[in-house]
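Protein chains in written order, with my numbering: chain A, -1 to 198; chain B, 8 to 146.
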C-alpha cells in the first residue's frame, strides 16, 4: 500500500503542468504530504528539452531517492486558441541509502484551450515494475487575463497495473494559477495531495 | 491595377488610424511598437515565458506597458514597446516567441513612421506582405 502511494505521489507531482517550459526557464516543484517531501528543480535548455534534479523523501520508511529528470517535447501543435503537445519523459536515479537504481519512462499527450483540457500519460516504473495510466479532464469556469488568478476543476483518473492486478483511483482536483505560480489541491477522502510550482 | 490601388487605399485608411487587426479585434499600434498574433498562447504561464524572453533582449522599451510587454491571452496577441533608436529585426522578435514554445502568425512593426506587416508562410518563414508610409500617427 505504501509503495502504491509512493508511486501515486511521484505521478501527481509530475503531471501538474507542462513538463517543458520556455528556453532557459527554471522551474521548482514542491510536493508535501504526511508521508513524503518531494523537491524538484529543472532547467529548460531549449524550448523542447528540460533537464533537472529531484529529491524525494519517504518520511515513514526514511527512504530517499536522488533522481535526474529528462523531459523532451517531441511535438507541439500551436493553433489559434488552442495547443496540443506530445512529450517523452524519463528519469534515472538511486536510492540514497542502498544505492539501488531506479528509472522511469513515459509518454504524455495533452490538448488545451482557454476553457478545456484533456491529458493522458503512461509511465513505467522500474523499481516496482508498475505501468500507470493517468487521465485528466479539466474545465475552467471562467477565463481571465494574464494578471488574474485562473481556476481549473480537474477530474483525475488513475489506473495502475502491477503484480498482475489493476488498481483504480479517482481524484477531484482544484488548480489555481496566477502568472508564474501554480497550486493544486486534491482529495478523494482517503488520499490527498498538495502541489506547488513556479517558473522563473 | 484598380484593385491594387483600392487595396492600398484601404490599407492607408487603416494605417492612418494606427490600428491593426488580430483575430477580428482591432488593436491600436503607435510609433515604436510591435503587435504579434501568437498561436498556442492559452495560459498565463505561457505568457510569463514570453515576458521573460523579451526582458532579456536589447530592443524593448521597458517604460511602455509592463516592462515593455503587454499580453492579451483571449485575443492571442502580444504588444511590445520598442526602443526608439533601434531598428528591430523582426526575426529577433519571432525567435523570442519560438524560444518560449509558440508560433507567430502575424507581426506588425511601426517604426520610423512605417508600418510593416509580416506573416509566416507554410515553412514558418517570416515574409513581409504589406507595408505603407504613415504621416499622421498620433504618438
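For each residue, glycine too, the CB sits at the ideal point set by N, CA and C.
Partner residues on chain B for residue i, Cβ-Cβ distance less than 9 Å
i, result
"residue 141 (chain A)", "80, 81"
"residue 67 (chain A)", "The contacting residues do not exist; residue 67 (chain A) stays about 18 Å from chain B at best."
"residue 155 (chain A)", "Chain B residues near residue 155 (chain A): none, gap ~22 Å exceeds 9 Å."
"residue 197 (chain A)", "52, 55, 56, 59"
Test: residue i CB closer than 8 Å to a CB of chain B
i, result
"residue 76 (chain A)", "yes"
"residue 43 (chain A)", "no"
"residue 194 (chain A)", "no"
"residue 175 (chain A)", "yes"
"residue 152 (chain A)", "no"
"residue 106 (chain A)", "no"
"residue 110 (chain A)", "yes"
"residue 144 (chain A)", "yes"
"residue 88 (chain A)", "no"
"residue 199 (chain A)", "Chain A is shown only over -1 to 198; residue 199 (chain A) falls outside these bounds and no answer can be derived."
"residue 32 (chain A)", "Annotation note: pLDDT 49 at residue 32 (chain A) (below 50); position unreliable, no value reported."
Amino acids of chain A, ordered along the chain, whose beta-carbon sits closer than 7 Å to that of residue i
i, result
"residue 46 (chain B)", "76, 77, 78"
"residue 109 (chain B)", "76"
Whole-number beta carbon distance between residue j and residue i, since they are thought to touch under 8 Å
i, j, result
"residue 52 (chain A)", "residue 38 (chain A)", "4 Å"
"residue 102 (chain A)", "residue 121 (chain A)", "6 Å"
"residue 149 (chain A)", "residue 174 (chain A)", "6 Å"
"residue 88 (chain B)", "residue 71 (chain B)", "3 Å"
"residue 180 (chain A)", "residue 195 (chain A)", "4 Å"
"residue 46 (chain B)", "residue 83 (chain B)", "7 Å"
"residue 193 (chain A)", "residue 182 (chain A)", "4 Å"
"residue 105 (chain B)", "residue 45 (chain A)", "7 Å"
"residue 104 (chain A)", "residue 84 (chain A)", "Contact doesn't hold; Cβ gap of about 12 Å is too wide."
"residue 170 (chain A)", "residue 184 (chain A)", "7 Å"
"residue 62 (chain A)", "residue 95 (chain A)", "7 Å"
"residue 131 (chain A)", "residue 157 (chain A)", "5 Å"
"residue 197 (chain A)", "residue 52 (chain B)", "6 Å"
Residue i at chain A interface by Cβ criterion, 8 Å
i, result
"residue 105 (chain B)", "yes"
"residue 95 (chain B)", "no"
"residue 126 (chain B)", "no"
Amino acids of chain B, ordered along the chain, whose beta-carbon sits closer than 8 Å to that of residue i
i, result
"residue 114 (chain A)", "None at all; the shortest Cβ gap to chain B is about 10 Å."
"residue 148 (chain A)", "50, 51"
Beta-carbon neighbours of residue i, restricted to chain B and to distances below 7 Å
i, result
"residue 20 (chain A)", "56, 59, 60, 106, 107, 108"
"residue 23 (chain A)", "56, 59"
"residue 81 (chain A)", "47, 49"
Check: residue i C-beta below 7 Å from any heavy atom of the ligand SAH
i, result
"residue 60 (chain A)", "This structure lacks the ligand SAH; in fact it carries no ligand of any kind."
Point to revise | Three-pair Cβ contact test at 8 Å for the segment 69 to 77 of chain B versus the segment 101 to 116 of chain B | key: No, the segment 69 to 77 of chain B does not touch the segment 101 to 116 of chain B.
**Study point:** Where the segment 23 to 42 of chain B meets chain A: residues whose CB sits under 8 Å from a CB there
**Key:** Under the 8 Å Cβ criterion, the segment 23 to 42 of chain B contributes 30.
Review point. Is it true that the segment 87 to 96 of chain B meets the segment 112 to 130 of chain B, where meeting means three or more beta-carbon pairs spaced less than 8 Å apart?
Key: By the Cβ rule, the segment 87 to 96 of chain B counts as touching the segment 112 to 130 of chain B, because three or more pairs are nearer than 8 Å.
**Study point:** Under 9 Å (Cβ pairs) to chain A, residues found in the segment 44 to 76 of chain B
**Key:** So the close ones are 44, 45, 46, 47, 48, 49, 50, 51, 52, 53, 54, 55, 56, 57, 58, 59, 60, 63, 73.
Point to revise | Any 3 or more C-beta pairs closer than 8 Å across the segment 125 to 141 of chain A and the segment 157 to 167 of chain A | key: The count of Cβ pairs closer than 8 Å, one atom from the segment 125 to 141 of chain A and one from the segment 157 to 167 of chain A, reaches three, so the stretches are in contact.
Review point. Counting Cβ pairs closer than 8 Å, one from the segment 106 to 117 of chain A and one from the segment 75 to 86 of chain A, do we hit at least three?
Key: These segments touch.
Check your understanding: Taking three-plus beta-carbon pairs below 8 Å as touching, is the segment 88 to 98 of chain A in contact with the segment 64 to 72 of chain A?
Key -> Short answer: they touch.
**Study point:** Under 8 Å (Cβ pairs) to chain B, residues found in the segment 176 to 189 of chain A
**Key:** Correct list: 176, 177, 178, 180.
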